[in-house]
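Q: FYI, the numbering for the first sequence is 0 to 540, going by numbering that gives the first Met the number 0.
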Amino acid sequence: MAEITPQDAVPLSESEIVAARRAKLKRFRDELGFEPYGQRVDGLLPLNEARTRFSEDAHLAFDAASKEAKISGGVPSDSRATIKVAGRIVQHRDMGKLVFLFLRDATGDLQVSISKSAVEASAWELAKAADYGDILVTEGPIGRTQKGEVCIWATSVSLGAKSLAAPPEKWHGLSDPELRYRKRYVDMYANPETAKVFAMRSRIVSRIRRFMDARGFLEVETPVLQPLAGGAAARPFTTHHNALGMPLFMRVAPELYLKRCMVGGLSKVYEINRNFRNEGIDRSHNPEFTAMEVYQAFGDYGTMMELTESLIHELAVSMVPERQAAGLPVEAEGPVLPWGDLAINYAKPFVRVTFEELFRRGVGVDMRDFAAVRAKAREHGLHHEAKLDDWLVVNALFEELAEALIDPARPTFVTDYPSAVSPLTRPSRSDPALCERWDIFIGGMEIGPAYTELNDPDVQLAKFTEQLKGADDEESTFRSLDEDFVEALRVGMPPAGGLGIGIDRLVMLMTGSTSIRDVILFPLLKSMGSSGAAAAEGPTA
RNA sequence: GAUUGCGUAGCUCAGUCGGUAGAGCAGCGGCCUUUUAAGCCGUAGGUCCUGGGUUCAAAUCCCAGCGCAAUCACCA
Numbered sequence: 000m001a002e003i004t005p006q007d008a009v010p011l012s013e014s015e016i017v018a019a020r021r022a023k024l025k026r027f028r029d030e031l032g033f034e035p036y037g038q039r040v041d042g043l044l045p046l047n048e049a050r051t052r053f054s055e056d057a058h059l060a061f062d063a064a065s066k067e068a069k070i071s072g073g074v075p076s077d078s079r080a081t082i083k084v085a086g087r088i089v090q091h092r093d094m095g096k097l098v099f100l101f102l103r104d105a106t107g108d109l110q111v112s113i114s115k116s117a118v119e120a121s122a123w124e125l126a127k128a129a130d131y132g133d134i135l136v137t138e139g140p141i142g143r144t145q146k147g148e149v150c151i152w153a154t155s156v157s158l159g160a161k162s163l164a165a166p167p168e169k170w171h172g173l174s175d176p177e178l179r180y181r182k183r184y185v186d187m188y189a190n191p192e193t194a195k196v197f198a199m200r201s202r203i204v205s206r207i208r209r210f211m212d213a214r215g216f217l218e219v220e221t222p223v224l225q226p227l228a229g230g231a232a233a234r235p236f237t238t239h240h241n242a243l244g245m246p247l248f249m250r251v252a253p254e255l256y257l258k259r260c261m262v263g264g265l266s267k268v269y270e271i272n273r274n275f276r277n278e279g280i281d282r283s284h285n286p287e288f289t290a291m292e293v294y295q296a297f298g299d300y301g302t303m304m305e306l307t308e309s310l311i312h313e314l315a316v317s318m319v320p321e322r323q324a325a326g327l328p329v330e331a332e333g334p335v336l337p338w339g340d341l342a343i344n345y346a347k348p349f350v351r352v353t354f355e356e357l358f359r360r361g362v363g364v365d366m367r368d369f370a371a372v373r374a375k376a377r378e379h380g381l382h383h384e385a386k387l388d389d390w391l392v393v394n395a396l397f398e399e400l401a402e403a404l405i406d407p408a409r410p411t412f413v414t415d416y417p418s419a420v421s422p423l424t425r426p427s428r429s430d431p432a433l434c435e436r437w438d439i440f441i442g443g444m445e446i447g448p449a450y451t452e453l454n455d456p457d458v459q460l461a462k463f464t465e466q467l468k469g470a471d472d473e474e475s476t477f478r479s480l481d482e483d484f485v486e487a488l489r490v491g492m493p494p495a496g497g498l499g500i501g502i503d504r505l506v507m508l509m510t511g512s513t514s515i516r517d518v519i520l521f522p523l524l525k526s527m528g529s530s531g532a533a534a535a536e537g538p539t540a
């Protein structure tokens, strides 16, 4: 195997900015003796925590002692805390024999002041020549400057990593949305609010887990690679297992496996799951997205409604201090979290309205009067109406006219959907035309449905079979009957409530993000140029 | 998939009626021990997204393509 030298890795041509940075890297290593890619450092403080170590008293005492020492020629006593930090340089001001720079980490920014007289010659050269984007490690007492800026007065400086890439604009950051998504690693340090959103997302997901765990649910993991893509009527991504010679699908939902868990005796389970749907991309859809599915034995859709309302309300309450800390608008009463043009009020109880009532208000006729429904459908230009089943026409009209009546500024449960459009749901005990299902809408987005689950294997099999008949040629290539699932139901699944919540959309609402790409670290974009096209061809060997 | 808009230096953006390609930041060389988007002097940096077309002349007008965004469609 040939030795790879750093020179081999250098591109043939690069911008003068990059060339200048490479020259500095060489100089730092060869002339100044710094390892440009750093080493282990213990005892580092996050920058926001470092800032809290500042003491005005210690600063003033040191200031006074310094002046005295200047006259008497002694060494001033210093009670300031000495701390060690690391961060990326986001500002660099060279004043001659004094360098001010700002370091940034995920917790915030902190100034470092480097005086030529306070550090070794090599460290001084490093401080002078350091670039925007370099990762720096520094140690020293924390004080402030004449202008009052809290800072570390460096006594040592070293490199954590030399940055060889041309940095974004230091004031505007990275604003081109395409570049922000393609180079998220730059976006995250150049635009601090980006990193804040992802830190918030992490805490939100963590709170969801604590909420579920506190209620006695077990978190489980079920297959992403499935021989049959069941649990939702969405187009799956297809793949293949070489050793088994077996076609596989990326899951569109974990539902059928979580129900198998119920059959097995895990009576309260949840999974925070990545799903994959081979469909369009827009502000609220990414091909892979995160959901949480929940199943509770001997619960029903009412159990799931209480759980969902409590969870979302609790999350919204927890966002009040989060958003205040991040400088985002918020009202504690409710609470009210602004989102886009809306001020969404998460006060309990959430709005509840039946599908039938909303249909009557939105469409103006009784949904069971199919003649009137079809007349309305023609009136509103649903031209393929004649080909559709009665209830599908009802559903289409509902989505067209009734959903718009839902107040986007209030979380709203729409309950008791027509049974005919909900194959995995148990029909209503009081009215067989309806089923025990609700959907929750917030901000005009569907956040998730919940069902009283169907656990009668014969009814389930009949519904699956009926659904398959309705599938067109394309659908039938990936839709097939999950016989093992029906077999599991024959073993006996307890009655249960089930729930699915879109975590990305919930995080959008909680963090004030109006695009799903702003809450997914690396959203899918088309690949660029020929290398991307070649990669899409797959392995050739 | 459709429509509209955008694509100019590493980044953020100007570019008038079609007539030699511009600024700020970043970079490079200087000066400066208290800056807050530091400042000052000097300097370098371009496949104007790609490919065609119209024209004496195209960043600019036209066509096609690529990428991104918004809206719509699709997504129970």
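Cβ coordinates follow ideal geometry from the N, Cα and C atoms, glycine included.
1) Rounded to a whole number of angstroms, what is the C-alpha to C-alpha distance between G132 and F53?
2) Measure the Cβ-Cβ separation of A290 and N274 and say whether it is below 8 Å.
3) Could you check which residue in K347, N394, H379 has the C-alpha nearest to that of R367?
4) Does the Cβ of T81 have 16 or more other Cβ atoms within 10 Å, making it buried, or fewer, making it exposed?
5) On the three-pair Cβ rule with 8 Å, is the region 400–411 touching the region 338–345?
6) Provide the residue span of the beta strand (DSSP E) that contains F248, from first to last.
7) Out of S116, C150, W170, point me to the one whose CA is closest to K83's CA.
8) So, do the region 145–161 and the region 26–33 have three or more beta carbon pairs nearer to each other than 8 Å?
9) From what residue to what residue does the beta strand (DSSP E) around G107 run?
10) Counting C-beta neighbours from all protein chains within 10 Å, is the total for E2 16 or more, i.e. buried, or is it exposed?
11) Using a Cβ-Cβ cut-off of 7 Å (strictly less than) and excluding sequence neighbours within five positions of G333, which residues of its own chain qualify?
12) Roughly how far, in whole angstroms, is the beta-carbon of L125 from the beta-carbon of L102, given that I think they are within contact range, below 8 Å?
13) Which residues bound the beta strand (DSSP E) around L158?
14) Taking buried to mean at least 16 other C-beta atoms within 10 Å of its own C-beta, is A228 buried or exposed?
15) Exposed or buried, what is E254 when buried is set at 16 or more other beta-carbons lying within 10 Å of its beta-carbon?
16) Counting pairs of Cβ atoms below 8 Å between the region 441–454 and the region 488–501, do you hit three or more?
17) My understanding is that G442 touches W338, with C-beta atoms under 8 Å, so please give their C-beta distance in whole angstroms.
18) What number of angstroms, rounded off, separates the C-alpha of E308 from the C-alpha of V268?
19) How would you call T424, buried or exposed, if buried means at least 16 neighbouring beta carbons within 10 angstroms?
20) Leaving out five residues on either side along the sequence, give the residues of the same chain with a beta carbon under 7 Å from the beta carbon of F197.
21) Ordered along the chain, which non-local residues of its own chain (more than five positions away) have a Cβ less than 6 Å from that of G142?
22) Under the three-state reduction of DSSP, which class applies to G298: helix, strand or coil?
23) Using a 10 Å radius around the Cβ and a threshold of 16 neighbouring Cβ atoms, would you call F33 buried or exposed?
24) Helix, strand or coil for R409, going by three-state DSSP, please let me know.
25) Per DSSP, what kind of secondary structure is T51 in: helix, strand or coil?
A: Reading off the structure:
1) Looking at the two C-alpha atoms, the distance is approximately 26 Å.
2) Taking 8 Å as the cut-off, the Cβ atoms of A290 and N274 count as close.
3) Ranked by Cα distance from R367, the first of K347, N394, H379 is N394.
4) Under this definition T81 is an exposed residue.
5) As far as the Cβ criterion goes, the region 400–411 touches the region 338–345, which means the pair count is three or higher.
6) According to the DSSP assignment, F248 belongs to the beta strand (DSSP E) that extends over 245–249.
7) Residue C150 is the option with its Cα nearest to K83.
8) In short, these stretches touch, since the Cβ pair count reaches three.
9) Counting along the chain, the beta strand (DSSP E) containing G107 begins and ends at 107–114.
10) The predicted position of E2 is uncertain, since its pLDDT is 40 and thus under 50; a value taken from the coordinates is nonetheless stated next. Under a 10 Å Cβ-count criterion, E2 is classified as exposed, with fewer than 16 other Cβ atoms of the shown protein chains found around its own Cβ.
11) Sequence-distant Cβ neighbours of G333 in its own chain, meaning closer than 7 Å and more than five residues away, are N344, Y345, A346.
12) With a beta-carbon spacing of about 14 Å, L125 and L102 fall beyond the 8 Å limit used to define contacts.
13) It spans 155–160 - the beta strand (DSSP E) in which L158 sits, taken as one unbroken run.
14) With 16 or more Cβ atoms within 10 Å of its Cβ, A228 is classed as buried.
15) E254 should be labelled buried.
16) They touch, by the three-pair rule.
17) Their Cβ separation, rounded to whole angstroms, is 5 Å, which keeps G442 and W338 in contact under 8 Å.
18) Taking the straight line joining both Cα atoms gives about 18 Å.
19) With 16 or more other Cβ atoms within 10 Å, it is buried.
20) Once the five neighbours on either side are set aside, the close Cβ partners of F197 are L520.
21) Residues of the same chain with a CB within less than 6 Å of the CB of G142, apart from the 5 flanking positions on each side, are H58, R79, W152 in chain order.
22) Three-state result, G298: coil.
23) Per the 10 Å Cβ criterion, buried.
24) DSSP places R409 in the coil class of the three-state scheme, outside both helix and strand.
25) In this structure, T51 counts as helix in the three-state DSSP scheme.
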